[in-house]
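Peer 1:
4 protein chains.
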Amino acid sequence: MEKGRLEAFSDGVFAILITITVLELKAPHGVSLSALASVLPLFLNYVLSFLYLGIYWNNHHHLLKACRRIHGGIMWANLHLLFWLSLFPFVTDWAGENHSAPLPTAIYGAVLFLASVAYFVLQSLIITEQGCDSKLAAAIGADRKGKLSSLLYASAIPVAFFQPWIAQAVYALVALFWLVPDRRLAQALKEA
Amino acid sequence: MEKGRLEAFSDGVFAILITITVLELKAPHGVSLSALASVLPLFLNYVLSFLYLGIYWNNHHHLLKACRRIHGGIMWANLHLLFWLSLFPFVTDWAGENHSAPLPTAIYGAVLFLASVAYFVLQSLIITEQGCDSKLAAAIGADRKGKLSSLLYASAIPVAFFQPWIAQAVYALVALFWLVPDRRLAQALKEA
Amino acid sequence: MEKGRLEAFSDGVFAILITITVLELKAPHGVSLSALASVLPLFLNYVLSFLYLGIYWNNHHHLLKACRRIHGGIMWANLHLLFWLSLFPFVTDWAGENHSAPLPTAIYGAVLFLASVAYFVLQSLIITEQGCDSKLAAAIGADRKGKLSSLLYASAIPVAFFQPWIAQAVYALVALFWLVPDRRLAQALKEA
Amino acid sequence: MEKGRLEAFSDGVFAILITITVLELKAPHGVSLSALASVLPLFLNYVLSFLYLGIYWNNHHHLLKACRRIHGGIMWANLHLLFWLSLFPFVTDWAGENHSAPLPTAIYGAVLFLASVAYFVLQSLIITEQGCDSKLAAAIGADRKGKLSSLLYASAIPVAFFQPWIAQAVYALVALFWLVPDRRLAQALKEA
Chain A
1 MEKGRLEAFS
11 DGVFAILITI
21 TVLELKAPHG
31 VSLSALASVL
41 PLFLNYVLSF
51 LYLGIYWNNH
61 HHLLKACRRI
71 HGGIMWANLH
81 LLFWLSLFPF
91 VTDWAGENHS
101 APLPTAIYGA
111 VLFLASVAYF
121 VLQSLIITEQ
131 GCDSKLAAAI
141 GADRKGKLSS
151 LLYASAIPVA
161 FFQPWIAQAV
171 YALVALFWLV
181 PDRRLAQALK
191 EA
Chain B
193 MEKGRLEAFS
203 DGVFAILITI
213 TVLELKAPHG
223 VSLSALASVL
233 PLFLNYVLSF
243 LYLGIYWNNH
253 HHLLKACRRI
263 HGGIMWANLH
273 LLFWLSLFPF
283 VTDWAGENHS
293 APLPTAIYGA
303 VLFLASVAYF
313 VLQSLIITEQ
323 GCDSKLAAAI
333 GADRKGKLSS
343 LLYASAIPVA
353 FFQPWIAQAV
363 YALVALFWLV
373 PDRRLAQALK
383 EA
Chain C
385 MEKGRLEAFS
395 DGVFAILITI
405 TVLELKAPHG
415 VSLSALASVL
425 PLFLNYVLSF
435 LYLGIYWNNH
445 HHLLKACRRI
455 HGGIMWANLH
465 LLFWLSLFPF
475 VTDWAGENHS
485 APLPTAIYGA
495 VLFLASVAYF
505 VLQSLIITEQ
515 GCDSKLAAAI
525 GADRKGKLSS
535 LLYASAIPVA
545 FFQPWIAQAV
555 YALVALFWLV
565 PDRRLAQALK
575 EA
Chain D
577 MEKGRLEAFS
587 DGVFAILITI
597 TVLELKAPHG
607 VSLSALASVL
617 PLFLNYVLSF
627 LYLGIYWNNH
637 HHLLKACRRI
647 HGGIMWANLH
657 LLFWLSLFPF
667 VTDWAGENHS
677 APLPTAIYGA
687 VLFLASVAYF
697 VLQSLIITEQ
707 GCDSKLAAAI
717 GADRKGKLSS
727 LLYASAIPVA
737 FFQPWIAQAV
747 YALVALFWLV
757 PDRRLAQALK
767 EA
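Residue numbers (the numbering used here), protein chains in the order written: chain A, 1 to 192; chain B, 193 to 384; chain C, 385 to 576; chain D, 577 to 768.
Shown next as structure tokens:
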């Protein structure tokens with residue numbers, strides 16, 4: 001498996017996902033301010049999903065840059081990650097349309113959680129391929145940032161059934177926390 | 193015809209197909225568990241189609257890697273394969289929306305069958321181009337795996353009219369059977 | 385302007401257009417054979433549009449391969465061609481939904497005609513850039529095939545108002561006529 | 577961050593946006609001339625958005641060509657620009673469906689304004705990266721064209737509430753004014 005074609009395919013999927021999520025943002029019925037306001041929750045959810053897809057794309061890029069050889073396992077771990085990301089348009093639409101009702105908010109968190117697990121699996125496979133003493137392994141280290149994020153998503157799921165707004169705030173805060181690109185990795189790889 | 197541009201175009205089509213199939217997964221009306229359950233058959237069909245597109249992308253990649261020269265016939269055989277794959281969103285939606293009624297299940301199988309035939313034609317053209325003593329020809333051999341899959345899809349079509357669930361199980365089993373990437377090819381080409 | 389990025393962008397647009405046209409093919413309401421038959425006209429129109437987009441992609445590829453330098457004029461002529469091609473999903477849907485009523489059939493022909501003119505303009509700009517004694521100019525020659533196609537589309541437009549089926553037959557025949565890739569060009573460039 | 581992958585991702589997003597905007601152009605109900613005329617405002621808005629996306633793609637290409645190194649800030653400034661561009665299908669549809677009512681026309685202008693600001697930010701970051709005495713800095717100069725455009729979009733927003741057609745005319749005129757590719761940049765870079 002050539003790395004270039006895997007990257008190109010993944011970039012295509014990222015570009016499509018980041019773009020079609022907005023397709024769910026249907027033109028409101030009516031031309032009043034209140035009609036515009038009615039699409040606001042969906043719009044905010046779109047912004048959040050856009051951020052998450054941008055973060056994943058950025059980190060995915062650094063991860064694959066560090067990867068030298070692609071085997072079948074990495075290929076399928078990558079598709080597994082793309083699968084959970086491909087559910088973003090669906091959960092963005094469902095949570096946004098329903099002003100953050102409990103179940104859609106919880107499902108949004110579940111997709112975030114499963115995507116973070118899939119990312120972790122992909123990362124582990126690439127580190128194993130590289131060897132434990134590789135620069136990538138050193139840069140990732142114990143991956144506290146990644147593990148904490150997964151934990152926060154998982155914790156937000158039950159919370160969504162009682163106070164959906166708290167769960168939403170958790171999703172937004174974790175996104176802000178990742179907006180800063182993974183400097184450890186960028187740094188370590190630059191030195192390479 | 194340059195191979196690079198054919199690969200890039202095919203990758204684009206694969207990336208779009210794998211992503212837009214999920215667009216058919218409309219947000220359910222309502223926020224209850226039963227509303228979520230109502231999209232489950234469509235979701236499972238989406239998972240299956242995602243797997244099939246991932247398998248085709250993976251095998252297509254190995255096939256083209258083995259190919260040195262593209263002529264008009266290969267170009268059209270490739271488009272012919274992409275045509276049948278492009279019907280996945282349509283059949284996924286139709287079969288999923290109707291809880292696997294007989295006719296949609298049979299049509300799903302027909303598209304799987306025709307895609308597998310189109311893949312076989314593309315493969316044969318590339319082998320002819322390479323010469324029968326090529327590594328690719330040796331790696332594919334009698335292509336029992338491919339022929340058996342086509343046979344299973346074809347057999348599932350009449351079965352769908354009596355027991356749609358058996359046909360669906362066949363589609364799922366063949367997908368699992370392909371999840372393991374085509375090691376023969378990967379192996380043979382690595383030695384090249 | 386780098387040729388590579390223009391090709392990549394055009395390939396992206398071609399891949400999306402060829403794929404989203406099928407999105408208009410909505411799952412029929414019902415699971416009977418007659419429900420399936422109701423999408424048949426739209427399906428046939430989809431096949432025709434798929435063929436046309438495949439033909440344009442193939443010829444576009446040969447044309448750009450022959451091109452050495454891209455200036456602003458070529459960039460905009462290329463976007464102009466992509467604009468008319470981007471109307472394919474719209475006209476395919478409109479003509480297919482209405483069992484080839486006169487006006488939609490005529491508009492389908494008008495889009496085919498305008499796309500062929502846009503292709504001619506792009507080709508002329510590239511030949512001018514190359515110089516009249518270039519291999520491309522020699523390969524295209526008087527471009528009787530291209531001019532005849534444009535003429536046939538234009539003639540089919542008024543016919544569509546009287547006998548839409550004749551116009552449709554003309555569109556299908558011209559597509560078949562182009563299915564054979566432009567051997568003149570392929571030949572001439574191979575010798576280069 | 578490798579420039580190639582950023583360009584490929586951006587090209588993917590541009591290709592998708594320019595293509596899916598037309599998906600909002602639904603086949604009219606009916607086959608009469610008046611049914612066709614009913615989609616005309618949406619069609620004209622589509623043409624305008626297509627032009628704007630083509631202009632942004634062209635200028636984006638020149639800008640990144642001039643860029644040597646991508647850091648995290650440039651990556652996010654680029655995503656920020658793509659975010660505003662991704663709202664084009666939404667505003668095109670809303671303004672077009674409502675025959676240019678005041679609010680949708682104003683929002684269209686606001687998206688144009690915010691996209692132009694995002695482009696300005698991206699350009700400034702790239703110039704800072706290059707150094708103020710770079711060819712790019714010299715080519716852009718005081719960027720009167722860019723600043724004037726932003727000013728015109730901003731001025732058109734309040735006008736849209738009184739005379740939407742004037743605002744629309746401003747959007748169309750600025751687009752025509754940019755149709756000529758940025759020769760300063762093309763020129764300066766060619767000399768490089």
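For every residue, glycine included, the Cβ atom is placed at its ideal position computed from N, Cα and C.
Identify every run of the alpha helix (DSSP H) within the stretch 86-141 of chain A, keeping only runs that are complete inside it and at least 4 residues long; order them along the chain.
Peer 2: Counting only runs of 4 or more, we get 88-97, 102-130 and 135-140.
Peer 1: Could you have a look at residue 552 (chain C) and say whether DSSP puts it in helix, strand or coil?
Peer 2: Reduced to three states, the DSSP call for residue 552 (chain C) is helix.
Peer 1: Distance, Cα to Cα, residue 22 (chain A) vs residue 506 (chain C)?
Peer 2: Going from the Cα of residue 22 (chain A) to the Cα of residue 506 (chain C) covers about 33 Å.
Peer 1: Hey, quick one: how far does the alpha helix (DSSP H) through residue 19 (chain A) stretch, first residue to last?
Peer 2: From DSSP, the alpha helix (DSSP H) with residue 19 (chain A) extends over 3-20.
Peer 1: Residues in the same chain with beta-carbon distance under 6 Å from residue 690 (chain D), minus the five sequence neighbours each way, listed in chain order, please.
Peer 2: Taken in chain order, the residues that qualify are 660.
Peer 1: Assess contact between the stretch 548-564 of chain C and the stretch 577-593 of chain D, defined as three or more Cβ pairs (one per stretch) separated by less than 8 Å. Is contact present?
Peer 2: In short, these stretches do not touch, since the Cβ pair count stays below three.
Peer 1: Buried or exposed: which applies to residue 204 (chain B), given that a residue is buried once 16 or more other Cβ atoms fall within 10 Å of its Cβ?
Peer 2: So residue 204 (chain B) counts as buried.
Peer 1: Which residue marks the beginning of the alpha helix (DSSP H) containing residue 644 (chain D), and which one marks its end?
Peer 2: No alpha helix (DSSP H) holds residue 644 (chain D); DSSP gives it neither H nor E.
Peer 1: Within 8 Å, do at least three Cβ pairs link the stretch 425-433 of chain C to the stretch 476-491 of chain C?
Peer 2: As far as the Cβ criterion goes, the stretch 476-491 of chain C touches the stretch 425-433 of chain C, which means the pair count is three or higher.
Peer 1: Which of the residues in the stretch 286-314 of chain B, read from start to end, lie with their CB under 8 Å from any CB of chain C?
Peer 2: Here the close residues are 286, 289, 290, 293, 294, 295, 296 and 299.
Peer 1: Would you mind telling me which residues of chain D sit closer than 7 Å to residue 473 (chain C), beta carbon to beta carbon, in chain order?
Peer 2: In chain order: 598 and 599.
Peer 1: Quick check on DSSP: helix, strand or coil for residue 346 (chain B)?
Peer 2: It is helical.
Peer 1: Is residue 750 (chain D) helix, strand or coil by DSSP?
Peer 2: Residue 750 (chain D) falls in the helix class under three-state DSSP.
Peer 1: Determine, using beta carbons only, whether residue 243 (chain B) and residue 367 (chain B) come nearer to each other than 8 Å.
Peer 2: Result yes, Cβ atoms of residue 243 (chain B) and residue 367 (chain B) sit closer than 8 Å.
Peer 1: Can you list the residues of chain F that residue 438 (chain C) reaches, using a CB-CB cut of under 8 Å?
Peer 2: Any reference to chain F falls outside this structure, whose protein chains are A, B, C and D.
Peer 1: For the stretch 104-114 of chain A against the stretch 62-72 of chain A, are there 3 or more C-beta pairs whose distance is under 8 Å?
Peer 2: As far as the Cβ criterion goes, the stretch 104-114 of chain A does not touch the stretch 62-72 of chain A, which means the pair count is below three.
Peer 1: Whole angstroms are fine: how far does the CA of residue 535 (chain C) sit from the CA of residue 546 (chain C)?
Peer 2: Taking the straight line from one Cα to the other gives about 18 Å.
Peer 1: I need the DSSP call for residue 224 (chain B), collapsed to helix, strand or coil.
Peer 2: Here residue 224 (chain B) sits in coil by DSSP.
Peer 1: Are the C-beta of residue 328 (chain B) and some C-beta of chain A separated by less than 8 Å?
Peer 2: For residue 328 (chain B), the answer is no, since every Cβ of chain A falls outside 8 Å of its Cβ.
Peer 1: Counting only beta-carbon atoms, is residue 200 (chain B) nearer than 8 Å to chain A?
Peer 2: At least one chain A Cβ lies under 8 Å of residue 200 (chain B).
Peer 1: Spatial neighbours of residue 398 (chain C) within its chain, please: CB distance less than 6 Å, with the 5 preceding and 5 following residues excluded, ordered by chain position.
Peer 2: Result list for residue 398 (chain C): 441, in chain order.
Peer 1: Is residue 86 (chain A) close to chain B, meaning its C-beta is less than 8 Å from at least one C-beta of that chain?
Peer 2: Answer yes: the Cβ-Cβ gap between residue 86 (chain A) and chain B drops below 8 Å somewhere.
Peer 1: Using three-state DSSP, classify residue 26 (chain A) as helix, strand or coil.
Peer 2: Coil at residue 26 (chain A), not helix or strand.
Peer 1: For residue 596 (chain D) versus residue 19 (chain A), is the C-beta distance shorter than 8 Å?
Peer 2: Result yes, Cβ atoms of residue 596 (chain D) and residue 19 (chain A) sit closer than 8 Å.
Peer 1: Short check: CB of residue 149 (chain A) to CB of residue 116 (chain A), under 8 Å?
Peer 2: Taking 8 Å as the Cβ cut-off, residue 149 (chain A) and residue 116 (chain A) qualify as a contacting pair.
Peer 1: Can you list, in chain order, the residues of its chain with a C-beta nearer than 6 Å to that of residue 576 (chain C)? Leave out the 5 residues immediately preceding and following it.
Peer 2: Here the model assigns residue 576 (chain C) a pLDDT of 46, short of 50, so the residue's position is not dependable and the matter cannot be decided.
Peer 1: So, are the CB atoms of residue 676 (chain D) and residue 604 (chain D) less than 8 Å apart?
Peer 2: No, the pair does not count as a contact, with Cβ atoms beyond the cut-off.
Peer 1: Please look up how many angstroms separate the CB atoms of residue 544 (chain C) and residue 486 (chain C), rounded, as I've assumed it's under 8 Å.
Peer 2: Yes, they are in contact, since the Cβ atoms of residue 544 (chain C) and residue 486 (chain C) sit about 5 Å apart, within 8 Å.
Peer 1: Using the C-alpha atoms, what's the distance from residue 359 (chain B) back to residue 230 (chain B)?
Peer 2: Roughly 21 Å between the two C-alpha positions.
Peer 1: On the criterion of 16 or more Cβ atoms from any shown chain inside 10 Å, does residue 578 (chain D) qualify as buried, or is it exposed?
Peer 2: Under this definition residue 578 (chain D) is an exposed residue.
Peer 1: Return the chain-ordered list of same chain residues with a C-beta closer than 8 Å to the C-beta of residue 755 (chain D), the five sequence neighbours on each side being excluded.
Peer 2: Only 627 and 631 meet the Cβ criterion.
Peer 1: Cα separation between residue 450 (chain C) and residue 224 (chain B)?
Peer 2: About 59 Å.
Peer 1: Quick one: measure Cβ to Cβ for residue 302 (chain B) and residue 272 (chain B), integer angstroms, because I've assumed they're closer than 8 Å.
Peer 2: Not confirmed; about 15 Å, so no contact.
Peer 1: Using CA atoms only, rank isn't needed, just tell me which of A:16, A:77 and A:25 is closest to residue 668 (chain D).
Peer 2: Here the closest residue by C-alpha is A:25.
Peer 1: Using a Cβ-Cβ cutoff of less than 8 Å, which residues in the same chain neighbour residue 209 (chain B) once the five nearest sequence positions on both sides are dropped?
Peer 2: So the list reads 245, 277, 278, 280 and 281, once near-sequence residues are dropped.
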